[in-house]
DNA sequence: AATCCAGATTGAATTTCATTCGGCAGTTTG
DNA sequence: CAAACTGCCGAATGAAATTCAATCTGGATT
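Protein chains in written order, with the numbering used here: chain A, 59 to 233; chain B, 59 to 233.
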């Protein structure tokens, strides 16, 4: 019986949805993850242990994928940010694409619609490094061509994703 | 005399460069910023207060731009990730581009080279939301046209930037 | 060449914070 | 209607961040 209740409890917990308080917590953490649970609890109107419990759940469910430090690329010797569009023939070549993960210069790889099938976001130290990276891409079988867009300036860059403005009125403040 | 020494001290501190230990600390924090200074100190071969001192400096210098939680877009109701290329006529229209920052769906805006002048990374809840966003872009004066690339799957997504492999041998371990 | 000075590191001390525990209210289930 | 479960709060505990004084090292000045 004990095992049965535990399994039911677990499934009920994982099936639980996300409410406005969770989204507000995510919004706070997506802007500054260094603030204490006490500070967040004041913003969302909960106690610190309650916030901690929810954050733990959000981590377990994968809603919070990771907590990381954002590094200024220019200060670590990689001032060049570029987007590379890769034109590929057919599919099933993802194994070789995966090999690009070995290069720390590659920050993102997305499979997309459109005439170009792959979009890469790379950050390199020099034009030579970019050239070397492009040659590696060309070596991949099935790559028809590439288009590179050098970033001249970054106007906006943020990670905030939780939309808080939707249901603020549904938040219940205690006391 | 006293004032002179102080000014020299300040300038010397801010002009201080970044060594291999700083890069290793950045590498650790860019992968997981929740780990304690004690854990990082074991990785880099320093004491915990020394690591803390360096991290504080890295924050002040801007090398660590922020520490944020990475949110799973799909779990917060925004499953659609897309890149929008904006073709603009001339320049000086950045004021109106800045207005796009008001939309939480817009995560990044880069001014780039190539036939398209602007690359945007957006995360929206629905095709309708994407359509609404595109109509806002079209309303901006000087926008000639746009190209949208829907992300089918994200192969790689990371923030690690500090290159550690470069100068490991130059790291000096105390004692 | 020797002395002095600035910066960095260390280990200990302090304080803040994360984490756990018991108890209670609201809600759902049987 | 009762029982159980979920989620919250307040207090307590443990660990971690943060500060401090003292020491060491490297470099510049005299």
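The beta carbon of each residue, even a glycine, is placed where N, CA and C say it ideally should be.
Burial state of residue i, where buried means 16 or more other Cβ atoms lie within 10 Å
i, result
"residue 125/B", "buried"
"residue 96/A", "exposed"
"residue 82/B", "buried"
"residue 147/B", "exposed"
"residue 211/A", "exposed"
"residue 202/B", "exposed"
"residue 171/A", "exposed"
"residue 186/A", "exposed"
"residue 31/B", "Residue numbering for chain B in the displayed model covers 59 to 233; residue 31/B lies beyond these limits and cannot be assessed."
"residue 61/A", "Low confidence applies to residue 61/A: its pLDDT is 31, below 50, so where it sits in the model is not reliable, and the reading given next is rough at best. When all chains shown are included, residue 61/A counts as exposed."
"residue 66/A", "Residue placement at residue 66/A is flagged as unreliable, the pLDDT there being 32, under the threshold of 50; a coordinate-derived value is accordingly withheld."
"residue 219/A", "buried"
Residue i vs residue j beta-carbon contact at 8 Å
i, j, result
"residue 128/A", "residue 217/B", "yes"
"residue 145/A", "residue 116/A", "no"
"residue 177/A", "residue 207/B", "yes"
"residue 209/A", "residue 143/A", "no"
"residue 161/B", "residue 191/B", "yes"
"residue 99/B", "residue 109/B", "yes"
"residue 130/B", "residue 123/A", "yes"
Residue from the options whose Cα sits closest to the Cα of residue i
i, options, result
"residue 138/A", "181/A, 92/A, 211/A", "181/A"
"residue 134/B", "121/A, 183/A, 177/A, 143/A", "121/A"
"residue 214/B", "146/A, 143/A, 85/A, 166/A", "166/A"
"residue 175/B", "140/A, 174/A, 173/A", "140/A"
"residue 75/A", "102/A, 112/A, 156/A, 162/A", "112/A"
"residue 199/B", "155/B, 91/B, 94/B, 85/B", "155/B"
"residue 102/A", "86/A, 91/A, 92/A", "86/A"
"residue 158/A", "130/A, 136/A, 193/A", "193/A"
Where residue i falls: helix, strand or coil (DSSP)
i, result
"residue 67/B", "Because residue 67/B sits at a pLDDT of 33, beneath the cut-off of 50, its placement in the model cannot be relied upon, and the following sentence gives the value as read from the coordinates. The answer is helix: DSSP assigns residue 67/B an H, G or I state."
"residue 211/A", "strand"
"residue 198/B", "coil"
"residue 181/B", "strand"
"residue 75/A", "coil"
"residue 124/B", "strand"
"residue 90/A", "coil"
"residue 166/B", "strand"
"residue 98/B", "helix"
"residue 80/B", "helix"
"residue 147/B", "coil"
"residue 191/A", "helix"
"residue 205/B", "strand"
"residue 218/A", "coil"
"residue 139/B", "strand"
"residue 230/B", "Because the pLDDT at residue 230/B is just 30, under 50, the model does not fix this residue reliably, and the value given afterwards should be weighed accordingly. Residue 230/B: coil per DSSP, three-state reduction."
"residue 104/A", "coil"
beta-carbon residue i near the ligand HEM non-hydrogen atom, thresh 7 Å
i, result
"residue 189/B", "Judged by which ligands are present, the structure shown has none, so any question about the ligand HEM falls away."
* To do: For the segment 189-220 of chain B, enumerate the residues whose C-beta is nearer than 9 Å to any C-beta of chain A, in chain order.
  => 205, 206, 207, 208, 209, 210, 211, 212, 213, 214, 215, 216, 217, 218, 219, 220
message = Beta carbons nearer than 8 Å to chain B: which residues of the segment 109-137 of chain A have them?
response = 119, 120, 121, 122, 123, 124, 125, 126, 127, 128, 129, 130, 131, 133, 134, 135, 136
By the 8 Å beta-carbon criterion, what residues does the segment 71-97 of chain B contribute toward chain A? 76, 81, 84, 87, 88, 89, 90, 91, 92
Problem set entry | Residues of the segment 140-167 of chain A whose Cβ lies closer than 9 Å to any Cβ of chain B, in chain order | 140, 141, 143, 152, 155, 156, 158, 159, 162, 163, 164, 165, 166, 167
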